[in-house]
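The numbering of the sequence shown is our numbering, which starts it at 166 and goes up by one.
For each residue, glycine too, the CB sits at the ideal point set by N, CA and C.
Keep in mind it's a predicted model, so treat the numbers as computed, not measured.
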Amino acid sequence: MGASLLLRLAQEIAKYFPADIDIIETHHKTKKDKPSGTALYLANRLPNSTVHSIRSALCCGEHTVIFNTPQEKLTLTHQVHNREAFAQGALAAAHFIAMQPPGLYGMDNLFSSK
166 MGASLLLRLA
176 QEIAKYFPAD
186 IDIIETHHKT
196 KKDKPSGTAL
206 YLANRLPNST
216 VHSIRSALCC
226 GEHTVIFNTP
236 QEKLTLTHQV
246 HNREAFAQGA
256 LAAAHFIAMQ
266 PPGLYGMDNL
276 FSSK
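See the structure below:
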């Protein structure tokens with residue numbers, strides 16, 4: 166759920182804070198895709214952003230969105246400490262979907278319902 170919230174917050178910031186946007190994603194060394202699907206998802210929704218990928222031995226997953234201007238920098242970071250985070254997000258989405266009429270839903274719907 167944290168990555169979805171990161172995107173939502175970053176999109177809000179981008180509306181009001183014109184800046185160069187960098188997305189830095191860090192994952193374990195053996196991760197197959199580079200950049201990650203999450204980083205590409207963020208980049209597709211944050212126009213004019215640049216993605217940087219790091220692969221490190223001890224990292225489970227981290228995404229940082231940096232808004233940089235000549236005057237200041239604003240940074241948002243989401244870190245996953247273990248894979249339980251993914252299961253919690255999937256369970257929250259399943260509970261939400263179970264209460265909805267048939268249709269197409271995304272994580273944004275989950276947050277807008279609260």
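If you check the CB distance, V230 and I262 do not come in under 8 Å.
Within the same chain, and ignoring the five residues on either side of L256 in sequence, no residue has its Cβ closer than 7 Å to its Cβ. The beta carbon of A222 sits closer than 6 Å to those of K194, all from its chain and outside the five residues before and after it, given in chain order. Counting of Cβ neighbours within 10 angstroms places G226 among the buried residues, the total reaching 16 or more.
Put simply, the backbone Cα of V216 is about 30 Å away from that of A259.
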